[in-house]
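Trainee: So the mapping is simple: our numbering equals the position in the first sequence, first residue as 1, plus 1013. What follows is a structure written as structure tokens; I'll ask about it next.
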Amino acid sequence: MFYHIFNLVFEGIVDMSMENKKLVEAITSMDEDFAQWYTDIVKKAELIDYSQVRGCMVIRPYGYAIWENMQKVLDGMFKETGHENVYMPMFIPESLLQKEKDHVEGFAPEVAWVTHGGSEKLAERMCVRPTSETLFCEHYSHIIQSYRDLPKLYNQWCSVVRWEKTTRPFLRTTEFLWQEGHTAHATFEEAQEETIRMLNIYARFYEEYLAIPVIKGQKTEREKFAGAQSTYTIECLMHDGKALQGATSHNFGDGFARAFNITYLDKDNQLKYVNQTSWGATTRMIGAVIMVHGDNDGLVLPPKIAPIELVIVPIAMQKEGVLDKAYELKEKLSKTFRVKLDDSDKSPGWKFSEYEMKGVPLRLEIGPKDIADNKCVLVRRDTREKVSVSLDNLQDEIAKLLDDIQKNLYNKALKLREEKTFETDNFEDFKNIIEKSPGFIKAHWCGDEKCEEKVKEETGATSRCIPFGESKRDGAKCIVCKKEAKELLYWGKAY
RNA sequence: CGGGGUGUAGCUCAGUUUGGUAGAGCGCUUGGUUCGGGACCAAGAGGCCGCAGGUUCAAGUCCUGUCACUCCGACCA
């Protein structure tokens, strides 16, 4: 009898607590279903909406603001290193696309074709650019004549279209936003220098602004860009242990120059081919930020690229003086920080959850009690830590906290990557790791593409890069064929 | 491109088995009370049941086709 009653009561409690939990837990837990967690975040943080167009998304103001912040910083870095922005057509005539053989073969399966203008069939169909190498090359062939015209350091911000089979917001969409740098140089060495310079810029951007640690390295032959002589990459690791290519930089040598006849007359009066590079980064960076820093309460944004660094939530705002004080703080703080004051009549608790979902780094609570004490409460998104601070040195306190959050996010991400990075010489171990605790695996390789292929077939992992600054161990053997190793590689399942 | 899942109100979904008046919760609007972790009361607005055919007196429900989203693979940033 007692037991029965106890059970009923107990069940009642359990039911209630679960109901409450459901109300609060707006998104799927990342441990339960990482893919669903990701989808929940992009929608609930109001980054995107799905559109009527297959595989394409609407980037909403909050999502686009993140992109604008990324653009602003990267564009500044490009300009500092002497690059100029241009804009190329979005269409490429078929004949132009086909000039470089490897390149067209790489992209042919995923281009969209325009066949009609109005109701008239075009004499030559055009593709919607999947990337603009051919257009830049065509243009360079017109404007480069002398060694005095070099180097040409161009970049463009635009969208490109690749007809992907399956799509996911930010990670892979049919149309996506990016920047593509295209440069032309007199010598191979200069092109190589540029390739690495831009790779380093991406790495710095990831680490300093996105708070994401990266592995810099070179792609293997199998993984390199269609038409490139060598491809370099920055690789980062997501929360679920999958790798994501953060940005790439390619040295084309004179391959495209030969196909497009881009020549210049050198000092020695010899006609020579230029050497080219290209490098790009995309809205996929937003996906990286989500999957590296996000948690079960939503997005977590690094302060340096957060559209809102600080949100002010007034408490008991119908009470005399609260809103006035909140407006006053907003005005003062907006001079230094990106600030939002939420004076809507939602409850404070709702606002707390909402801005946590949106990953706003800092929350400022101001209520009657604080005002009486000349204080306010600051709450960090990353650690949930609450501090009560005097209104007198608020600016300094906020600056310090934002700086600390930025650093903490980087350190947490680095720690996560270290925990998920393994090294092995044994193929069976390799398979086990990939299956049971996915992450980066460092393993030696003989240089044969067949071994690379075998790893992919049997484990699903691909080679991510030949890392800079980490050399192979003397006498090490290939993880697959056990022959003498040529390189140490990072491997992993990738997005 | 192959395999699975899902399309009904802005969102999450019930209703489909067995055809017969279009539903719930949340959100939204208006008014009021609240406000330091997703508040409450009252009154409202809101749907061509993804789209197109077909079967039927009658289709959200049955049949055929198609489109989109999503997950898992192959391809890619």
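Every residue gets a Cβ at the ideal spot worked out from N, C-alpha and C, and that includes glycine.
Counting only runs that start and end within the region 1075 to 1140, where is the beta strand (DSSP E) found for 3 or more residues in a row?
Mentor: Counting whole runs of 3 or more residues, the region 1075 to 1140 contains the beta strand (DSSP E) stretches 1104 to 1106, 1125 to 1130.
Trainee: So, with DSSP's three-state summary, where would you put Gly-1460?
Mentor: Three-state result, Gly-1460: coil.
Trainee: Which residues share a DSSP beta bridge with Trp-1170?
Mentor: BP columns for Trp-1170 point to Gln-1192.
Trainee: In angstroms, rounded to a whole number, what distance separates the CA positions of Glu-1081 and Leu-1314?
Mentor: When rounded, the distance between both Cα atoms is 14 Å.
Trainee: Alpha carbon to alpha carbon, how far is Leu-1193 from Thr-1208?
Mentor: According to the sequence as given, residue 1193 is Glu; it is not Leu. Approximately 13 Å, taken between the alpha carbons.
Trainee: On the premise that Glu-1107 lies in contact with Met-1139, defined as a C-beta separation below 8 Å, what is that separation, rounded to the nearest angstrom?
Mentor: Right, their Cβ atoms sit about 7 Å apart.
Trainee: Sorted by chain position, which residues of the same chain lie with C-beta nearer than 6 Å to Tyr-1508's C-beta, five sequence neighbours on each side aside?
Mentor: Within the same chain, Tyr-1508 has close Cβ partners Leu-1184, Lys-1255, Leu-1257.
Trainee: Quick check on this structure: which residue in Glu-1344, Gly-1372, Ile-1379 has the alpha carbon closest to the alpha carbon of Pro-1361?
Mentor: Ranking the options by Cα distance to Pro-1361, first place goes to Ile-1379.
Trainee: What three-state label does DSSP hand Gly-1230 in the structure shown?
Mentor: In the structure shown, Gly-1230 sits in a strand (DSSP, three-state: E or B).
Trainee: I need the boundaries of the alpha helix (DSSP H) containing Lys-1057, first residue and last residue.
Mentor: Residues 1047 to 1057.
Trainee: Which runs of the alpha helix (DSSP H) fall wholly inside the region 1196 to 1271 and span at least 4 residues, in chain order?
Mentor: Listed in chain order, they are 1201 to 1217.
Trainee: Going along the chain, which residues of its own chain have a beta-carbon closer than 7 Å to the beta-carbon of Glu-989, five neighbours each way excluded?
Mentor: Nothing can be reported for residue 989: it is not among the residues displayed for the chain, which extend from 1014 to 1508.
Trainee: Glu-1045: which of Gln-1065, His-1252, Trp-1363, Gly-1095 sits nearest, CA to CA?
Mentor: Here the closest residue by C-alpha is His-1252.
Trainee: Determine which residues share a DSSP beta bridge with Ile-1303 and list them.
Mentor: DSSP lists no partner for Ile-1303.
Trainee: Within this structure, are the beta carbons of Gly-1259 and Ala-1301 separated by less than 9 Å?
Mentor: A contact, by the Cβ cut-off of 9 Å.
Trainee: The beta strand (DSSP E) that contains Asn-1288, what's its start and end?
Mentor: 1288 to 1295 is the extent of the beta strand (DSSP E) around Asn-1288.
Trainee: Would you say the region 1313 to 1328 touches the region 1427 to 1441, given that touching needs at least three Cβ pairs under 8 Å?
Mentor: Output reads no: the region 1427 to 1441 does not touch the region 1313 to 1328.
Trainee: Answer with buried or exposed for His-1195, where buried requires no fewer than 16 other C-beta atoms within 10 angstroms of its C-beta.
Mentor: Classification of His-1195: buried, given that the 10 Å Cβ count is 16 or more.
Trainee: For the beta strand (DSSP E) containing Arg-1477, list its first residue and its last residue.
Mentor: Its beta strand (DSSP E) spans residues 1475 to 1480.
Trainee: Taking the CB atoms as reference points, tell me whether Tyr-1423 and Glu-1220 lie closer together than 9 Å.
Mentor: Yes, Cβ-Cβ distance for Tyr-1423 and Glu-1220 is below 9 Å.
Trainee: When we look at the beta-carbon of Val-1066 and count the other beta-carbons within 10 Å, is it buried (16 or more) or exposed?
Mentor: Burial call: exposed.
Trainee: Given Ile-1275, which residues of its chain have a CB within under 8 Å of its CB, disregarding the five upstream and five downstream residues?
Mentor: Hits under 8 Å: Cys-1150, Tyr-1153, Ser-1154, Ile-1157, Ala-1197, Phe-1269, Tyr-1286, Val-1287, Gln-1289.
Trainee: Could you pull the start and end residues of the alpha helix (DSSP H) that Cys-1150 belongs to?
Mentor: Run containing Cys-1150: 1146 to 1156, per the alpha helix (DSSP H) assignment.
Trainee: Looking at the unbroken alpha helix (DSSP H) that takes in Glu-1000, where does it start and where does it end?
Mentor: Since the first residue of the chain shown is 1014 and the last is 1508, residue 1000 is not available in this structure.
Trainee: Taking 6 Å as the limit between beta carbons, can you name the residues of its chain near Lys-1353, skipping five residues before and five after?
Mentor: Result list for Lys-1353: Ile-1321, Val-1324, in chain order.
Trainee: Which residues does DSSP pair with Val-1392 in a beta bridge?
Mentor: The partner list for Val-1392 (beta bridge, DSSP) reads Arg-1376, Lys-1399.
Trainee: Just reading off the alpha helix (DSSP H) that Leu-1427 is part of, what are its end residues?
Mentor: Looking at the DSSP string, the run of the alpha helix (DSSP H) that includes Leu-1427 is 1407 to 1432.
Trainee: Which class does Ile-1492 belong to by DSSP, given the choice of helix, strand or coil?
Mentor: In this structure, Ile-1492 counts as coil in the three-state DSSP scheme.
Trainee: Would Ala-1121 be called buried (16 or more neighbouring beta carbons within 10 Å of its own) or exposed?
Mentor: Exposed, because fewer than 16 other Cβ atoms sit within 10 Å of the Cβ of Ala-1121.
Trainee: Going by beta carbon distance, what residues of the same chain come within less than 7 Å of Lys-1388, once the five residues before and after it are set aside?
Mentor: Once the five neighbours on either side are set aside, the close Cβ partners of Lys-1388 are Ser-1401, Val-1402, Ser-1403, Leu-1404.
Trainee: Identify the continuous beta strand (DSSP E) that holds Met-1540 and give its terminal residues.
Mentor: This structure cannot settle anything about residue 1540, because the visible part of the chain is limited to 1014 through 1508.
Trainee: Using alpha carbons as the reference points, say which of Arg-1181, Leu-1148, Glu-1059 lies closest to Gly-1068.
Mentor: Nearest of Arg-1181, Leu-1148, Glu-1059 to Gly-1068, Cα basis: Arg-1181.
Trainee: Using the rule of at least 16 other Cβ atoms within 10 Å of the residue's Cβ for burial, across every protein chain shown, is Pro-1102 buried or exposed?
Mentor: That one is exposed.
Trainee: Got a sec, what are the start and stop residues for the alpha helix (DSSP H) Pro-1361 sits in?
Mentor: Counting along the chain, the alpha helix (DSSP H) containing Pro-1361 begins and ends at 1361 to 1370.
Trainee: Where does Lys-1035 sit, in a helix, a strand or coil, going by DSSP?
Mentor: Confidence is the limiting factor: at Lys-1035 the pLDDT is only 37, short of 50, which leaves the residue's position unreliable and the question unanswerable from this model.
Trainee: Start and end of the beta strand (DSSP E) containing Val-1326?
Mentor: Unbroken beta strand (DSSP E) run through Val-1326: 1323 to 1327.
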